[in-house]
Amino acid sequence: MKQAIGIDLGGTTIKYALVSEAGDIRFEGKLPSRANESAACVLAQLRQAAECVLSLARAKQMESDIVGIGLGTPGIIDATGRIVLGGAENIVGWERIDVVTPMETYTGLPVRMGNDANMMGLGEMQYGAGRNCTDIVFLTIGTGIGGAIIIGGKLFSGYANRGAELGHTPLIANGERCNCGATGCLEHYASTSALVRHFLAKAKPLGLFVNDFVDGELIVRLYREGHPLAVQCMNEHFYYLRRGIAGFVNVFSPQRVVIGGGICEAGDFYLEELRKVVAANVIRDCAVNTQIVRAELGNRAGLIGAASQLF
Ligand SMILES: [Zn+2]
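Last residue of the sequence shown: 356 (my numbering), numbering continuous.
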């Protein structure tokens, strides 16, 4: 069976695996990405990730089955799919850089690169919560909100690969400034970071949680215990996210909206709250074919999706 190397580059770690055409992970590992040093360091780590898989495959006499390397990276990628143009704030110097050519030269294998959120969406469509679908919208809720749009079984990234920035959908008129430079973006109001920011802004003046480490997990726990501040902030979180999702349903009318990211592991209530989107905010006829479901591949979605580009 065909195999491909899947690599998922993040701000802290590089995850890598050998992935079969059936979507199974043969073996996997991770390396520090050294993203705070230089682009050259990151490139060297990527080469090493590929080499780790290749040497293990050699040992298991599986090397001849490997058809190429799929790589997911933060940032915007040019129309040739070889150059990261920029937009990856968590990796030093990761702009206007040819990532693919040195990888291909080093390994002798074809390399297919894509944006990390797009790769996650692709993985979920091929092997996860979007199986048997041709049209999905994928959202990952975390520090930011990443997304992928798949139409007719193909990733839609806009002309010359410059679009599909679902997290930067303007949501709030006269809203606060987002990291992207615009104001009122969905990401700035509905990410897990936004949830924590809103919670702390309300808690601190009351002298609450002043010395505590507050993250999404804690707020979800407090919400389930009925803590009024957490209930208020989670309800606001759902309110913003539902309105964002409603927009995507009205525009794309997907078969599934797949929700990923750590916070959606919180429990069934999270998805149930989001499903209220259908009743509250969408045009009914746009939503008749749409299910809102939880992602299934967890933090492996990116490398599985990246590898799937080779099959
Ligand atoms: Zn933005």
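We put the CB at the ideal spot given by N, CA and C, even for glycine.
Can you tell me whether DSSP reads residue 160 as helix, strand or coil? Reduced to three states, the DSSP call for residue 160 is strand.
For residue 352 versus residue 51, is the C-beta spacing smaller than 8 Å? Residue 51 sits close to residue 352, with the two beta carbons spaced by under 8 Å.
What residues are listed by DSSP as bridge partners for residue 49? In the DSSP output, where bridge partners are listed per residue, residue 49 has 64.
Contact check, residue 290 vs residue 316, beta carbons under 8 Å: With a cutoff of 8 Å on beta-carbon distance, residue 290 and residue 316 are scored as not near each other.
Nearest-angstrom Cα separation, counted from residue 306 out to residue 336: One C-alpha to the other measures close to 18 Å.
Below 8 Å on the Cβ atoms is my contact criterion, and I expect residue 193 with residue 166 to pass it. Report the Cβ-Cβ distance as a whole number of Å. Yes, they are in contact, since the Cβ atoms of residue 193 and residue 166 sit about 3 Å apart, within 8 Å.
Any heavy atom of ligand 1 closer than 7 Å to the beta-carbon of residue 230? Checking every heavy atom of ligand 1 against the Cβ of residue 230, one is found closer than 7 Å.
Is residue 218 near ligand 1, in the sense that its beta carbon is under 7 Å from a heavy atom of that ligand? Flag unset: Cβ of residue 218 not near ligand 1.
By the DSSP assignment, the beta strand (DSSP E) with residue 339 in it spans what residues? Per DSSP, residue 339 belongs to the beta strand (DSSP E) from 336-339.
Is residue 224 near ligand 1, judged by its Cβ being under 7 Å from some heavy atom? Distances taken from the Cβ of residue 224 to the heavy atoms of ligand 1 include one shorter than 7 Å.
What residue does the beta strand (DSSP E) around residue 190 start on, and which one ends it? Counting along the chain, residue 190 sits inside the beta strand (DSSP E) bounded by residues 190-196.
Identify whether residue 362 lies in helix, strand or coil by the three-state DSSP scheme. The shown model of the chain, from 46 to 356, leaves out residue 362, and the question about it has no answer.
Can you check which of these residues, 105, 190, 117 and 277, is closest to residue 91 by C-alpha distance? Answer by Cα proximity: 117.
Proximity test, residue 227 beta-carbon vs ligand 3 heavy atom, cut-off 7 Å: Annotation note on ligand 3: not contained in the displayed structure, which lists ligand 1 as its ligands.
Can you tell me which of the three DSSP states residue 215 falls into? For residue 215, the secondary structure class from DSSP, reduced to helix, strand or coil, is strand.
Contact under 8 Å by Cβ, residue 114 with residue 148: With respect to the 8 Å criterion, residue 114 and residue 148 are classified as neighbours on the basis of their beta carbons.
Return yes when at least one heavy atom of ligand 1 lies under 7 Å from the C-beta of residue 243, else no. No, the beta carbon of residue 243 sits no closer than 7 Å to any heavy atom of ligand 1.
From which residue to which residue does the alpha helix (DSSP H) around residue 267 run? Counting along the chain, the alpha helix (DSSP H) containing residue 267 begins and ends at 261-269.
Are the segment 184-198 and the segment 212-230 touching by the rule of at least three beta carbon pairs closer than 8 Å? With a cut-off of 8 Å, the segment 212-230 and the segment 184-198 count as touching, because enough Cβ pairs lie within range.
Which value, in whole angstroms, describes the spacing of the CA atoms of residue 259 and residue 310? Their backbone Cα atoms lie some 17 Å apart in a straight line.
Cα-Cα separation, residue 277 to residue 162: Each residue's alpha carbon lies about 29 Å from the other.
Taking residue 202 as the reference, which of 100, 356, 57 and 120 has the closest Cα? Residue 120 is the option with its Cα nearest to residue 202.
Can you tell me where the alpha helix (DSSP H) holding residue 179 begins and where it ends? No alpha helix (DSSP H) contains residue 179, which DSSP labels as neither H nor E.
Taking the beta strand (DSSP E) that residue 303 falls in, what are its first and last residues? For residue 303, the uninterrupted beta strand (DSSP E) segment begins and ends at 301-305.
Under the three-state reduction of DSSP, which class applies to residue 136: helix, strand or coil? Collapsing the DSSP output to three states places residue 136 in coil.
I think residue 299 touches residue 181, with their Cβ atoms under 8 Å apart; what is that distance to the nearest whole Å? Their Cβ separation, rounded to whole angstroms, is 5 Å, which keeps residue 299 and residue 181 in contact under 8 Å.
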